[in-house]
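Beneath this line is the structure, given in structure tokens, with notes to follow.
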Amino acid sequence: MKIQFNHNFGHQEQGEFFHFGCELVDVALNEYNTALSQGFLQTVEKNQTRWYQSRSTRVNTAATNYELLSDAELIMDPTSAQFTEMDHIYTSYCYYKKFKKYFEVGERLEQDRFMGYWQADSMVAWAKLRHYTDQAIETCLFVWDYSLPATRLGSRSLEHEIAWSKQQGYNYVYLGPGYERSSVYKADIEGFEWWNGAEWSTDADRYRWLCKRDSKIKLSADLYDF
Numbered sequence: 005m006k007i008q009f010n011h012n013f014g015h016q017e018q019g020e021f022f023h024f025g026c027e028l029v030d031v032a033l034n035e036y037n038t039a040l041s042q043g044f045l046q047t048v049e050k051n052q053t054r055w056y057q058s059r060s061t062r063v064n065t066a067a068t069n070y071e072l073l074s075d076a077e078l079i080m081d082p083t084s085a086q087f088t089e090m091d092h093i094y095t096s097y098c099y100y101k102k103f104k105k106y107f108e109v110g111e112r113l114e115q116d117r118f119m120g121y122w123q124a125d126s127m128v129a130w131a132k133l134r135h136y137t138d139q140a141i142e143t144c145l146f147v148w149d150y151s152l153p154a155t156r157l158g159s160r161s162l163e164h165e166i167a168w169s170k171q172q173g174y175n176y177v178y179l180g181p182g183y184e185r186s187s188v189y190k191a192d193i194e195g196f197e198w199w200n201g202a203e204w205s206t207d208a209d210r211y212r213w214l215c216k217r218d219s220k221i222k223l224s225a226d227l228y229d230f
């Protein structure tokens with residue numbers, strides 16, 4: 005039996021709302037790849053983990069050719085001082101992007117790791133990486149203080165994480181849900197795929213259209229218009 009989902013709409017910029025979702029429970033470690041293959045991703049809320057369904061996105065690393073950055077380093081277990089520094093960067097990021105600060109930096113799963121990015125010996129950005137299996141990893145979050153926006157660190161960091169994941173032997177890098185205009189950029193990434201509710205699609209034009217349409221929906225009644 006295969007359950008199909010229709011991911012018509014979602015918001016994730018000012019908060020998270022996914023129209024038509026589903027949740028998995030009691031997922032064993034040997035079932036992680038199956039869950040991921042069906043569009044599910046894992047998150048943590050109030051120290052509780054859950055598997056949620058969304059318009060998930062991912063990268064097939066075999067179809068990529070990105071290079072590593074020299075000013076990035078994997079942080080397995082941040083110190084309290086590093087968490088404080090990371091929280092300061094997250095605050096700057098939310099202010100710059102006009103996003104709501106809706107989670108605590110220290111809220112993490114046991115399998116979460118962090119990738120730090122430095123400029124002149126100072127951390128200016130970081131990403132949260134979630135190891136699922138030997139085949140799959142997710143880049144859950146990237147935050148940057150935007151001190152030097154001309155460096156395009158946002159794009160370069162993701163390319164680095166994909167290159168690093170490929171080097172480590174991961175087949176897929178999951179990029180989280182894809183909703184609204186802020187997620188359109190994912191369609192331009194090498195090896196891009198998205199979960200349409202029934203299968204992983206490479207139709208980037210359809211994905212872009214859906215994301216742009218998401219941002220036009222402001223009221224529940226708008227769903228019927230679209």
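Here the sequence shown stands for residues 5 to 230, numbered as in our numbering.
Using N, Cα and C, we set each Cβ at its ideal position, and we do this for glycine too.
In the structure shown, the three-state DSSP call for V188 is helix. Its chain contains H164, A167, W168 and Q171 as the residues whose beta carbon lies nearer than 8 Å to that of L72, once the 5 sequence neighbours on both sides are disregarded; these appear in chain order.
Counting along the chain, the unbroken alpha helix (DSSP H) around I166 starts and ends at L157 to Q171. When secondary structure is reduced to three states using DSSP, R112 falls in the coil class, being assigned neither helix nor strand. Here the alpha carbons of C215 and T61 stand approximately 12 Å from one another. Of the residues assessed, W213 falls on the exposed side of the cut-off, its CB having fewer than 16 other CB atoms within 10 angstroms.
Ranked by Cα distance from Y100, the options N64, L40 and W148 are led by W148. Taking a contact to require three or more Cβ pairs closer than 8 Å, the region 89-98 and the region 133-142 do not qualify as touching. N69 carries a coil assignment under DSSP once its states are collapsed to helix, strand and coil. Listed as beta-bridge partners of V147 by DSSP are W130.
Per DSSP, A85 is one residue of the alpha helix (DSSP H) stretching across S84 to K101. G43 is the residue among E27, L28, G43 and A154 whose C-alpha sits nearest the C-alpha of V177.
In this structure, L145 is the residue among T137, L145, V128 and L40 with its C-alpha nearest to the C-alpha of K105.
At least 8 Å separates the beta-carbon of D81 from that of Y121. Within 10 angstroms of the beta-carbon of A154 lie fewer than 16 other beta-carbons, which makes it exposed. By the C-beta density criterion, N69 is exposed, having fewer than 16 other C-beta atoms within 10 angstroms. Just measuring C-alpha positions, the residue of L33, E49 and Y56 sitting nearest W199 is Y56.
For A208, the uninterrupted alpha helix (DSSP H) segment begins and ends at A208 to K220. Q46 counts as buried, since at least 16 other C-beta atoms from the protein chains shown sit within 10 angstroms of its C-beta.
Between S219 and E197, the beta carbon gap of about 22 Å keeps them out of contact (Cβ cut-off 8 Å).
Ranked by Cα distance from T137, the first of W204, Q115 and L162 is Q115.
In the three-state reduction of the DSSP assignment, N64 falls in the strand class. As DSSP reads the structure, V48 sits in a beta bridge with T53.
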